[in-house]
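For reference, the structure is listed below as structure tokens.
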Amino acid sequence: MNTPKRYLVTAALPYANGPLHIGHLAGAYLSSDIYCRFLRMQGKEVVFVCGSDEHGAAITIKAKKEGITPKEIVDKYHALFVDTFDKMGIKFDIYHRTSEPLHHETAQEFFKFLYDNQQFTEQESEQYFDVQANQFLADRYIMGTCPKCSNPNAYGDQCENCGSTLNPTELIDPRSTLSGEKPILKTTKHWYLPLNQHEVWLKEWLENGNLEGKHHHDPEEWKAHVLGQCKSWLDGGLQPRAMTRDLEWGVDVPKSIPNSEGKKLYVWLDAPIGYISATKQWAINQGNPDLWKKYWQDEETSLIHFIGKDNIVFHCLIFPIILKAHGDYNLPINVPANQFLNLEGQKISTSRNWAVWVHEYLQDFEGMQDVLRYNMIKNMPEQRDSEFTWKNFQETNNNELVNNIANFVNRVIVLINKYYGGKVPDFDPNVEFTSGSNNTESYYDVELIDLYDKVQEMSDALYHFDFRGGLKSLMEISSIGNSLLQNNEPWKTIKTDPDLTAIVLNLALQIVAVLRVCSRPFMPFTSDKLSNLLNLPNLEEKGELQEIMELLANGGCLIEPNHQINEANHLFVRIPDEVIEQQIAKLHTNNPVEKNINFEPLKPTISFDDFAKLDLRTGKIIEAKKVSGAKNY
RNA sequence: GGCGAGGUAGCUCAGCUGGUUAGAGCGUACGAUUCAUAAUCGUAAGGUCGGGGGUUCAAGCCCCCCCCUCGCUACCA
Numbered sequence: 002m003n004t005p006k007r008y009l010v011t012a013a014l015p016y017a018n019g020p021l022h023i024g025h026l027a028g029a030y031l032s033s034d035i036y037c038r039f040l041r042m043q044g045k046e047v048v049f050v051c052g053s054d055e056h057g058a059a060i061t062i063k064a065k066k067e068g069i070t071p072k073e074i075v076d077k078y079h080a081l082f083v084d085t086f087d088k089m090g091i092k093f094d095i096y097h098r099t100s101e102p103l104h105h106e107t108a109q110e111f112f113k114f115l116y117d118n119q120q121f122t123e124q125e126s127e128q129y130f131d132v133q134a135n136q137f138l139a140d141r142y143i144m145g146t147c148p149k150c151s152n153p154n155a156y157g158d159q160c161e162n163c164g165s166t167l168n169p170t171e172l173i174d175p176r177s178t179l180s181g182e183k184p185i186l187k188t189t190k191h192w193y194l195p196l197n198q199h200e201v202w203l204k205e206w207l208e209n210g211n212l213e214g215k216h217h218h219d220p221e222e223w224k225a226h227v228l229g230q231c232k233s234w235l236d237g238g239l240q241p242r243a244m245t246r247d248l249e250w251g252v253d254v255p256k257s258i259p260n261s262e263g264k265k266l267y268v269w270l271d272a273p274i275g276y277i278s279a280t281k282q283w284a285i286n287q288g289n290p291d292l293w294k295k296y297w298q299d300e301e302t303s304l305i306h307f308i309g310k311d312n313i314v315f316h317c318l319i320f321p322i323i324l325k326a327h328g329d330y331n332l333p334i335n336v337p338a339n340q341f342l343n344l345e346g347q348k349i350s351t352s353r354n355w356a357v358w359v360h361e362y363l364q365d366f367e368g369m370q371d372v373l374r375y376n377m378i379k380n381m382p383e384q385r386d387s388e389f390t391w392k393n394f395q396e397t398n399n400n401e402l403v404n405n406i407a408n409f410v411n412r413v414i415v416l417i418n419k420y421y422g423g424k425v426p427d428f429d430p431n432v433e434f435t436s437g438s439n440n441t442e443s444y445y446d447v448e449l450i451d452l453y454d455k456v457q458e459m460s461d462a463l464y465h466f467d468f469r470g471g472l473k474s475l476m477e478i479s480s481i482g483n484s485l486l487q488n489n490e491p492w493k494t495i496k497t498d499p500d501l502t503a504i505v506l507n508l509a510l511q512i513v514a515v516l517r518v519c520s521r522p523f524m525p526f527t528s529d530k531l532s533n534l535l536n537l538p539n540l541e542e543k544g545e546l547q548e549i550m551e552l553l554a555n556g557g558c559l560i561e562p563n564h565q566i567n568e569a570n571h572l573f574v575r576i577p578d579e580v581i582e583q584q585i586a587k588l589h590t591n592n593p594v595e596k597n598i599n600f601e602p603l604k605p606t607i608s609f610d611d612f613a614k615l616d617l618r619t620g621k622i623i624e625a626k627k628v629s630g631a632k633n634y
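Structural data, given as structure tokens:
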């Protein structure tokens, strides 16, 4: 594929039945935000869409439990999402919602189009139905005794005790999780998308990146775990999948279709189409309602989906099939799914309240969005699961943000204010000094080119969705700055060799100016602080990265001599132990499982001599036999 | 159970189609330095690359067996 003219970037629609936690950020929102900011700074045309996913049984159930309407639930979380994203600096071009009439219309039109073009087959099946709740039950909402291990609390789709995959009709003594009643089997009819009929082109598209005989994308650019899972499904053979559900809260199957009464669109014909309706709303907001077509239907637009690993099959198989079945839409050129973020050694869990809630973080750490962003980027689960710990959060803040970057910037700003009254020093380019990379060469020949290389390195990493790598390059730029100061000691030479001081501090300030631009995709708030320190306007994310790369390549200054900068002000503050201890304590006290554990009081600590009296030995089990009459556990 | 991804230094991770003494950041130790938020700079120590077997002149990388973690397993979203 040639260089695309424009990009359409989507981030997975968060499900509106609970607040956002750090796992959401690490999974899809930070990476997509960085990528879009980066593309804009490269002068690219980008539209970044997202929105709340507000339908489905889980929301209905939650509403019933809380005695309110589904609408009240989704309104509450939608508002919270909008606020949380905004405060975290996740900057969508449009944040839409699937409950909007525009979305319902869009999804229905899409469904109708597929229906009219005979893309569906109709099939009858028997499903469990909860008579008391008067609704069909998804497998997940049926519990019963596992036929394999006798666990009385197996779900209709899976037994969490023995891990086996189940069919709800296999359960012994099934019961509805809604009413607790025994469900009855009832016949229902749905529209199925024959995924199996799409296998051939899908395989060619995924494995070789070819679509309709044309090169579409480079599969080498896709992550191994993404392709691996897709191939695994393809190798197993695809089956027709129902595109409608018997639900009460969702998008209606269009009334013009016979027997559509009570039927709702399946979430995967609802949520991803939310990307399309969001783009439509964006186009309307731009005053050009047809503009969305350029982003979805023009082949010169690159579509990229940012998601978590749990969504791979839907974004790489099912949604592409839906789009292709329609025929007028682009398929994604990449789906850079992240893996999962764990928290303090355990999986993040909403139900167990084992999470760091982003809205709470924003309250507890006011003005410290970039500290969280930095830590999460550094530990982003790009290729495998990763882990967030408060201790590591403190360490990255104190050792890297405070000690490395904030300290470097502060040194430069303080020195220039002290020696030159805050005016950028002019300099003689022929003065020799030791560079940050330990070369004794001149300003233009080496130092600016070194910087250029680092910026280039960062760009390359970001183009390839290597956000951790990009962040590393950013920090290396700051380290080059610290070395430059250390190698030349301008605080000494100001008395002995002021020309040397001038060139070194000028260059150090150019590095600060590079940081102002390069930090932007990762830490936008910090970029603004740097702009303020340098007395420059905040970045607008319109090609600034491209501009500084051209400047550096041509030996140009990012900040002219005699420009007046501002007084020093710390970019980051140290986080003391108490703050971290409080957060860890909060995590544990809010955990309902741990709260209910009553430990016996610990026995008093013994002396080492007493310990030494113990005779502890290890043994190796050589043989194990079944004892007759013993129960199987 | 099946399939997929992962397992590399105390911690977090790089290691392209197999090619010399396996790298980085943080932490640790020592030295230098004092403009700076006790920050910075340099040097060093630290690894049977999950385990076992095999192919090869050569294996972190390829093949086989096993162990561990996570995901998917088709009506959760």
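Position one of the first sequence corresponds to residue 2 (the working numbering), numbered consecutively onward.
Beta carbons are placed, not taken as given, at the ideal position from N, Cα and C, and that holds for glycine.
Quantities reported herein were computed from a predicted structural model and do not represent experimental measurements.
In this structure residue 489 is buried. Its beta-carbon is surrounded by 16 or more other beta-carbon atoms within 10 angstroms. Between the stretch 83–90 and the stretch 355–371 there are three or more inter-stretch CB-CB distances shorter than 8 angstroms, so the stretches are counted as touching. Residue 580: member of the alpha helix (DSSP H) spanning 578–590, first to last residue.
If the five residues before and after residue 494 are omitted, its C-beta is found closer than 8 angstroms to the C-beta atoms of 501, 502 and 505, all from its own chain and listed in chain order.
Note: residue 254 is not bridge-paired with any residue in the DSSP secondary-structure output. For residue 144, DSSP records a beta bridge to 156 and 176.
Contact annotation, residue 273 with residue 109: C-beta distance approximately 15 angstroms; criterion of less than 8 angstroms not satisfied. Counting only the Cα atoms, residue 259 lies some 33 angstroms from residue 235.
Within the same chain, Cβ atoms closer than 8 angstroms to the Cβ of residue 171 are found at 148, the five residues on either side in sequence being excluded.
Relative to residue 281, the option among 269, 295 and 268 whose CA is nearest is 295. The three-state secondary structure of residue 309, taken from DSSP, is strand. Under the rule that a run must span 4 or more residues, the alpha helix (DSSP H) segments found entirely inside the stretch 167–230 read 200–209.
With a cut-off of 8 angstroms on Cβ pairs, the stretch 570–577 is not in contact with the stretch 539–556, counting fewer than three such pairs. Here the C-alpha atom of residue 65 lies approximately 8 angstroms from the C-alpha atom of residue 71. Just measuring C-alpha positions, the residue of 458, 485, 240 and 388 sitting nearest residue 435 is 485.
The three-state secondary structure of residue 247, taken from DSSP, is strand.
The continuous stretches of beta strand (DSSP E) do not include residue 545, which lies in the alpha helix (DSSP H) extending over residues 545–554. Excluding five sequence positions before and after residue 476, the CB atoms of its chain that fall closer than 8 angstroms to its own CB belong to 401, 405 and 406, given in chain order.
Taking every protein chain shown into account, the CB of residue 323 has 16 or more other CB atoms within 10 angstroms, so this residue is buried. The Cβ atoms of residue 345 and residue 390 lie closer than 9 angstroms to each other.
In the DSSP annotation of this structure, the continuous segment of the beta strand (DSSP E) that includes residue 48 starts and ends at 46–53. For residue 10, the three-state secondary structure derived from DSSP is strand. Shown here, residue 96 sits in a strand according to DSSP, grouped into three states. For residue 453, no pairing in a beta bridge is given by DSSP. Inter-residue distance for residue 261 and residue 139 is about 19 angstroms (C-alpha atoms, whole angstroms).
For residue 376, the enclosing alpha helix (DSSP H) stretches over residues 370–379.
Note on geometry: alpha-carbon atoms of residue 177 and residue 61 lie some 15 angstroms from one another. Using a C-beta cut-off of 8 angstroms, the stretch 312–327 makes no contact with the stretch 92–103, since fewer than three inter-stretch Cβ pairs fall below that distance. The way I'd put it, the stretch 510–530 does touch the stretch 559–567; three or more beta-carbon pairs between them come closer than 8 angstroms.
By the criterion of a C-beta distance shorter than 6 angstroms, residue 26 is surrounded in its chain by 377, once the five residues flanking it on both sides are discounted. The alpha-carbon separation between residue 215 and residue 34 amounts to approximately 30 angstroms.
In this structure, the CA atom of residue 287 is about 17 angstroms from the CA atom of residue 41.
In the DSSP assignment, residue 82 falls within the alpha helix (DSSP H) that extends over 71–89.
Taking C-beta separations shorter than 6 angstroms and ignoring five residues to either side along the sequence, the partners of residue 52 in its chain run 14, 96, 97, 98, 275 and 279, following chain order. If the five residues before and after residue 338 are omitted, its C-beta is found closer than 6 angstroms to the C-beta atoms of 227, 308, 310 and 313, all from its own chain and listed in chain order. In this structure, the straight-line span from the alpha carbon of residue 270 to that of residue 243 is close to 10 angstroms.
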